[in-house]
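Structure first, then comments.
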Amino acid sequence: MKKIMVFDIGGSGIKWSVIKKNGEFVESNKLDVPSTKEELFDELAKITNEMKVKYDLKGIAISSPGAVDSETGVIGGVSAIPYIHGPNFKEILKKSTDLDVAIENDGNCAALGECWLGAGKENKDLVFVVCGSGIGGAIVKDKKVHVGIHRHGGEFGFCSIKCELDGEPKFTTWSQEGSTIALAKKVSKLKGLEENSLDGVEVFELCEKGDEIALKEVNKYYFIMAVGIYNIQHTYDPEVIILGGAISERKDYIDEINKRLDIIMNSGLDGKIKPVLKTCKYGNDANKLGALCNYLQREK
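Residue numbers (the working numbering): 1 to 300.
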């Protein structure tokens, strides 16, 4: 069966796998993010060519942060790896491996992976929301990602979820208000600690121990998530909204958001469609499966 070399580029590391076209993983590993673009492309080519000899690869599929132009292979926007913005991934890797390359945004890949084989397998229209150090995601229509004219479709974290209009107008995005980093910073400040003293995991641990500050701020966090999800439901009206990111793996995560959604929907607002929420089935592998799905869709 045809095998594809798949890379998932992240801010803290690069995960790779050789995957069969049916989604079956053959071999996987990871590497640190190189310090230069030259080292990055050398590493990707080296691994690919080694696996090419071993498995007779047919192509390369990449999941990457940033505003990925999947047609040209160039990444716009910003990310935690500045040097990936500008180089043409398709041309460079094609030249060094003699394999065709497909590349797509990581949030879009996660959504495709879940829509193809995961929590959204039975759905055509869905939204994927990444809950983590920022809020990201993707919109899927008829099993294909909607990227938008500026390749910012699904950038939910950019949406303003709070505004202050007394005095000079001030607007705050969903990522600034509802990320786990924002939660940790708020709790650290309220407890009189240094700004980066806590992370999101530690805040939830404090909450479980009954810490009053953590309890109050985690409650706000769930409301902020519920408001963003409510807005998505009444904007796109998807069949299901799938939540990803490490925090979504908490057993009570969806239950807690649903409790806040019930309060919102019983508050007198006009919207009466309650979102159907599911958690990501494939976790950290969703990006790689989605990158493969993107490759296969473009191959047809």
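Backbone N, C-alpha and C define an ideal beta-carbon position, used for all residues, glycine too.
Selected residue, minimal CA-CA separation from residue i, among the options
i: Asp-142; options: Gly-153, Asn-123 and Cys-159; result: Asn-123
i: Lys-90; options: Val-74, Lys-278 and Glu-50; result: Val-74
i: Leu-198; options: Ile-92, Gly-290 and Ser-133; result: Ser-133
i: Lys-318; options: Glu-24, Gly-200, Gly-120 and Gly-13; result: Since the first residue of the chain shown is 1 and the last is 300, residue 318 is not available in this structure.
Residue i at chain B interface by Cβ criterion, 8 Å
i: Ile-161; result: Included in the structure is just one protein chain, with no chain B present.
Burial state of residue i (16 or more Cβ within 10 Å)
i: Thr-36; result: exposed
i: Ile-263; result: exposed
i: Thr-235; result: exposed
i: Asp-106; result: buried
i: Ala-110; result: buried
i: Gly-136; result: buried
i: Ser-79; result: buried
i: Thr-72; result: exposed
i: Asn-294; result: buried
i: Ser-12; result: exposed
i: Asn-287; result: buried
i: Val-201; result: exposed
i: Ile-241; result: buried
i: Lys-272; result: exposed
Alpha-carbon spacing of residue i relative to residue j, whole angstroms
i: Met-5; j: Leu-57; result: 7 Å
i: Ile-149; j: Leu-193; result: 43 Å
i: Lys-94; j: Ser-267; result: 55 Å
i: Leu-112; j: Cys-131; result: 17 Å
i: Lys-30; j: Gly-10; result: 11 Å
i: Ile-229; j: Leu-206; result: 25 Å
i: Gly-66; j: Pro-169; result: 29 Å
i: Ala-138; j: Glu-50; result: 33 Å
i: Cys-280; j: Ser-17; result: 19 Å
i: Lys-21; j: Glu-177; result: 39 Å
i: Lys-2; j: Glu-27; result: 14 Å
i: Gly-76; j: Pro-82; result: 10 Å
i: Ile-60; j: Lys-52; result: 10 Å
i: Asp-270; j: Lys-259; result: 18 Å
i: Cys-163; j: Leu-44; result: 44 Å
i: Glu-24; j: Glu-104; result: 20 Å
N-terminal and C-terminal residue of the alpha helix (DSSP H) that residue i is part of
i: Leu-190; result: 180-190
i: Leu-117; result: 106-117
i: Ser-96; result: 89-97
i: Gly-228; result: 212-236
In DSSP terms, what residue i is bridged to
i: Met-5; result: Val-18 and Ile-60
i: Val-145; result: Val-140
i: Ala-67; result: Gly-76
i: Phe-41; result: Bridge partners of Phe-41: none, in fact.
i: Ser-160; result: Thr-173
Residue i: first and last residue of the uninterrupted beta strand (DSSP E) it sits in
i: Leu-126; result: 126-131
i: Leu-277; result: 277-279
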